[in-house]
Amino acid sequence: MAKVTIQNLFKTYPAEKGGDVTAVNDVSVEIQDGEFVVLAGPSGCGKSTTLRMIAGLETVSKGEIFIGDQRMNDIPAKDRDITMVFRNDGLYPHKSIYDNLAFGLKLRKFRRPEIKKRVLDAARVLAIEDFLSRKPAALSREQRQRAAIGRAIVRQPKVLLFDEPLSNFDAEIRAEMRTEIRKLHQRLPGAAIIYATRDPIEAMTIGDRIVVMNNGMVQQNDSPLTLYNEPLNVFVAGFLGNPPMSFLKGTLRQERDTLRFTEVGDGAVEARFRNEDRKAAAREFVGKPLLLGIRPEDIEIAQFSGEGEKSAAGFPAIIDAVEPMGAATNLYLQTGAHTLVCRSAGHLDHREAGHRLRFKIHPEKAHFFDPVSTLRIV
Ligand code: ADP
Ligand code: MG
19 MAKVTIQNLF
29 KTYPAEKGGD
39 VTAVNDVSVE
49 IQDGEFVVLA
59 GPSGCGKSTT
69 LRMIAGLETV
79 SKGEIFIGDQ
89 RMNDIPAKDR
99 DITMVFRNDG
109 LYPHKSIYDN
119 LAFGLKLRKF
129 RRPEIKKRVL
139 DAARVLAIED
149 FLSRKPAALS
159 REQRQRAAIG
169 RAIVRQPKVL
179 LFDEPLSNFD
189 AEIRAEMRTE
199 IRKLHQRLPG
209 AAIIYATRDP
219 IEAMTIGDRI
229 VVMNNGMVQQ
239 NDSPLTLYNE
249 PLNVFVAGFL
259 GNPPMSFLKG
269 TLRQERDTLR
279 FTEVGDGAVE
289 ARFRNEDRKA
299 AAREFVGKPL
309 LLGIRPEDIE
319 IAQFSGEGEK
329 SAAGFPAIID
339 AVEPMGAATN
349 LYLQTGAHTL
359 VCRSAGHLDH
369 REAGHRLRFK
379 IHPEKAHFFD
389 PVSTLRIV
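Structure (structure tokens):
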């Protein structure tokens with residue numbers, strides 16, 4: 019059994035100027051047998067501190083940690099059956115790669131044939147078989163990180179923790195390695211994986227479930243697509259997605275039966291509520307400020323330059339910058355009061371920068387947030 023249960027976990031550090039820093043603030047998460055969970059959030063949100071408490075490298079200020087039914091709080095790190103992979107490989111520089119992988123097994127008095135079998139298996143999966151007799155210095159950084167992952171998996175731990183293992187690599191290697199870590203998980207039946215990252219793309223693509231953290235607190239805990247489509251608050255909405263969601267301040271007005279969001283400033287962006295359920299949810303905000311959130315893929319070009327202004331639908335915006343991505347084009351727009359990002363299916367190039375075009379948002383795709391609580395309304 020490798021279910022991990024974290025209940026109301028806190029970590030406070032004494033701050034330099036007196037008082038306390040609450041690095042982890044009432045975190046509760048359950049990770050099932052064999053589940054791959056991502057802890058995601060910006061630098062300083064408490065990911066490493068949470069992992070270190072689970073591993074036993076840091077004391078718990080308050081709360082409980084269980085693996086299966088066993089309370090872990092007072093169990094020494096070496097007896098927890100947990101291994102951890104860090105940003106830096108942490109290999110012993112004077113030992114060969116083989117001995118680095120074998121070391122933990124030797125300490126635990128595994129028999130030599132079993133050690134050999136496990137090391138060779140891991141080396142094959144991680145494509146480092148050819149380097150086993152070399153010292154770490156004779157490997158590339160990527161190969162060393164593969165060896166560090168190998169060292170963590172040969173122990174066949176119940177729980178495997180990753181603390182931003184790919185953050186030292188460039189985008190190409192990160193993309194390749196995250197696919198491999200994903201595949202590796204399929205070969206470790208029953209092992210629970212908790213993987214910390216600040217990279218929203220990595221968070222979306224690598225795990226079964228994402229726990230988004232900010233300021234030591236869990237913001238939302240759900241599947242990647244639920245987080246993307248139904249973010250609970252502005253933080254989660256803005257964290258996932260690349261380019262990120264655009265936010266516009268505005269007010270909600272009622273005219274007879276219609277509810278209309280109007281952007282602050284010159285009010286270029288408008289969105290009318292059509293769906294009755296959405297209307298009902300938004301009604302209490304009539305006359306109050308509201309925040310509209312819209313993803314780049316839910317904004318489109320309504321009218322190209324040169325077309326007549328008369329039939330114009332949508333709102334005008336100036337194109338500040340154009341990013342041709344190949345399959346689509348990211349357009350950075352100015353409405354006067356706000357900056358928005360539009361992902362257009364069209365093939366535009368840098369010559370479009372500086373032009374004023376009309377754009378449409380898909381009102382049913384827009385999210386609305388209470389600017390005070392930051393919670394999503396619809
Ligand atoms: P993350 O891994 O998400 O970047 P950390 O868990 O490392 O975040 O840090 C969370 C917060 O706790 C940060 O504000 C950090 O400055 C603080 N912190 C971490 N370790 C210590 C420590 N040993 N002493 C004091 N503050 C710490
Ligand atoms: Mg960290």
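In terms of the numbering used here, the sequence shown opens at residue 19 and continues consecutively. No residue lacks a Cβ here, since even glycine has one placed at the ideal position from N, Cα and C.
Closer than 8 Å: residue i CB and nearest ligand 2 heavy atom
i, result
"ASP217", "no"
"ALA58", "no"
"LYS29", "no"
"ASP240", "no"
"ALA384", "no"
"ALA165", "no"
"ALA221", "no"
"ASP107", "no"
"ASP388", "no"
"ALA214", "yes"
Proximity below 9 Å, CB of residue i to CB of residue j
i, j, result
"VAL56", "ILE312", "no"
"MET235", "ASP44", "yes"
"VAL137", "LEU123", "yes"
"ILE337", "LYS378", "no"
"GLU76", "THR67", "yes"
"ALA221", "ALA58", "yes"
"LYS80", "LEU119", "no"
"GLY364", "ALA286", "no"
"LEU179", "ILE72", "yes"
"ILE171", "THR101", "yes"
"ARG196", "ARG126", "no"
Same chain, Cβ closer than 8 Å to residue i, five either side skipped, listed in chain order
i, result
"PHE121", "TYR110, LYS113 and ARG169"
"ASN91", "VAL78, GLU82 and ILE83"
"PRO94", "GLY74"
"ARG152", "SER114 and ILE115"
"PRO207", "GLY52"
"ASP38", "THR30, TYR31 and PRO32"
7 Å CB neighbourhood of residue i in its chain, flanking five on each side removed
i, result
"SER329", "Interpretation of SER329 is limited by its pLDDT of 48, a score under 50 that renders its predicted location unreliable; the figure taken from the coordinates is listed afterwards. For SER329, where only same-chain residues beyond five positions count, there are no Cβ hits under 7 Å."
"LEU245", "ILE228, VAL230, GLN238, VAL254 and LEU258"
"LEU144", "ARG164, ILE167 and GLY168"
"PRO314", "PRO261, ASN348, VAL359, CYS360 and ARG361"
"ASP367", "VAL340 and PRO342"
heavy atom of ligand 1 below 8 Å from residue i C-beta
i, result
"ASP44", "no"
"SER362", "no"
"LYS153", "no"
"MET231", "yes"
"THR68", "yes"
"VAL103", "no"
"SER61", "yes"
"GLY37", "no"
"LYS65", "yes"
"ASP148", "no"
"ALA73", "no"
"ASP181", "yes"
"GLY234", "yes"
"ALA18", "Lying outside 19 to 396, the shown extent of the chain, residue 18 is not represented and no answer is given."
Beta-carbon contacts of residue i that lie in its chain and below 6 Å, excluding the five residues immediately before and after
i, result
"LYS423", "Within the shown structure, residues of the chain are numbered from 19 to 396, placing residue 423 beyond reach of any answer."
| task | Report yes or no: do three or more beta-carbon pairs, one from the segment 345-361 and one from the segment 269-277, lie closer than 8 Å? | result | Flag = no, the segment 345-361 and the segment 269-277 do not touch.
| said: Whether or not the segment 336-351 and the segment 280-292 are in contact is what I'm after, with contact meaning three or more pairs of Cβ atoms, one per stretch, closer than 8 Å; do they touch? | reply: No: fewer than three Cβ pairs fall under 8 Å.
| said: Three Cβ pairs or more, each shorter than 8 Å: is that satisfied between the segment 122-134 and the segment 156-167? | reply: No, because fewer than three Cβ pairs between the segment 122-134 and the segment 156-167 fall closer than 8 Å, the two stretches do not touch.
| message | Closer than 8 Å is the cut-off here; do at least three beta carbon pairs connect the segment 296-307 with the segment 276-283? | response | Touching, yes.
| So does the segment 212-222 actually touch the segment 137-151, counting three or more Cβ pairs closer than 8 Å? | Verdict: no, contact absent.
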